[in-house]
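Heads up, the final residue of the sequence shown is numbered 285 in UniProt numbering, and it's a clean run with no missing numbers.
Positions of the beta carbon are idealized from the N, C-alpha and C atoms, including for glycine.
A short worksheet on the structure shown next.
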Amino acid sequence: MNPQPQRPANRFRTAPPQQPRPRASNVSTAQPFRSGYTSVRNASRWEQLRRYVREQPILGIIYQLCVRVFLWVFFVSLGYVIALKYVPVWVTPLIVSRWMDTVGTNEPGHVYKKWHSYDDISKEMALAVVSSEDQAFPTHWGFDFDEIRDALKEKRKRTRGASTISQQVAKNVFLWNGRSYIRKGLEVYFTALIELIWGKKRILEVYLNVAETGPMTFGVEAASQRYYNHPSSTLSRNEAARIAAVLPNPIQFSISNPSNYIQRRTRQISQQMRYLGGQKYIRNL
């Protein structure tokens, strides 16, 4: 019996089925460009805000006004800081505030203040305030970040102050009394300006002439004349240390009638002045 011949393979039927052809779409795959949509979508938030401001006339006016006020305040403050680099600081907001507090009262309204150049003030006095208030003054750039960090770490109901001499000068010369974030921000701004423009020697000179040293008394020359009856150029180490000891609160503490705390604080400052090496510590300001 003859074997039946094999049928040829039906290649057409055994071929893999073809994928169904995708239906034709009436919408093109390329997204049409819609004016404004793509640019706004890809723009940053700042660019979106600027565009929104430009589209609102009143906001544009306010924006331009704020820019002009900012520039005006910046250049005026810059010019004022430059001028005070060379001109004695006769009046500060604190002096005005203290004088106004005496208006309508029985307290004497006379202000004791006399400007003396840095060269005419005893270097013992300059060393005393650096030793008591800001020992890093010759090296920092207006802010003692180590002191700030230590003050924030301390567990106190009232955080101790960590202001440098530069910050105190900026606060006393340019700003009002009080506590607020705006005032603190301005203090940082003016501190940076005087560090950049004035330099260390001028900052210390202004501090020694505007710091409150007693009731209605400002500057070490006025304090020396009023409480020691001689000029600040002849202040001894102990006398300078006592003036520096009352600086944190010259209304409560007294130079002429020192409490036990002030006497102890005076001895501590005198010791710090010796530990720092004496007047050579501030020689290269």
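Distance between residue 280 and residue 139, taken at the CA atoms: about 14 Å. Non-local C-beta neighbours of residue 171 in its own chain, meaning closer than 6 Å and more than five positions away in sequence, comprise 187, ordered along the chain. Secondary structure note for residue 133: its alpha helix (DSSP H) is the uninterrupted segment 123 to 133. Where residue 214 is concerned, there is no enclosing alpha helix (DSSP H), although the beta strand (DSSP E) around it starts and stops at 212 to 214. Distance from the CA of residue 169 to the CA of residue 144, rounded to the nearest whole angstrom, comes to 15 Å. Three or more Cβ pairs closer than 8 Å define a contact, and the region 234 to 248 meets that threshold against the region 267 to 277. Per DSSP, residue 102 is not a residue of any alpha helix (DSSP H), being assigned neither H nor E. In terms of CA proximity to residue 83, 173 leads the group 181, 173, 183, 264. The residues 266, 270, in chain order, have a CB closer than 8 Å to that of residue 238 in the same chain once the five nearest residues on each side in sequence are set aside. Residue 86 carries a coil assignment under DSSP once its states are collapsed to helix, strand and coil.
Per DSSP, the continuous alpha helix (DSSP H) segment holding residue 260 begins and ends at 260 to 275. In the structure shown, residue 70 falls within a helical segment according to DSSP collapsed to helix, strand and coil.
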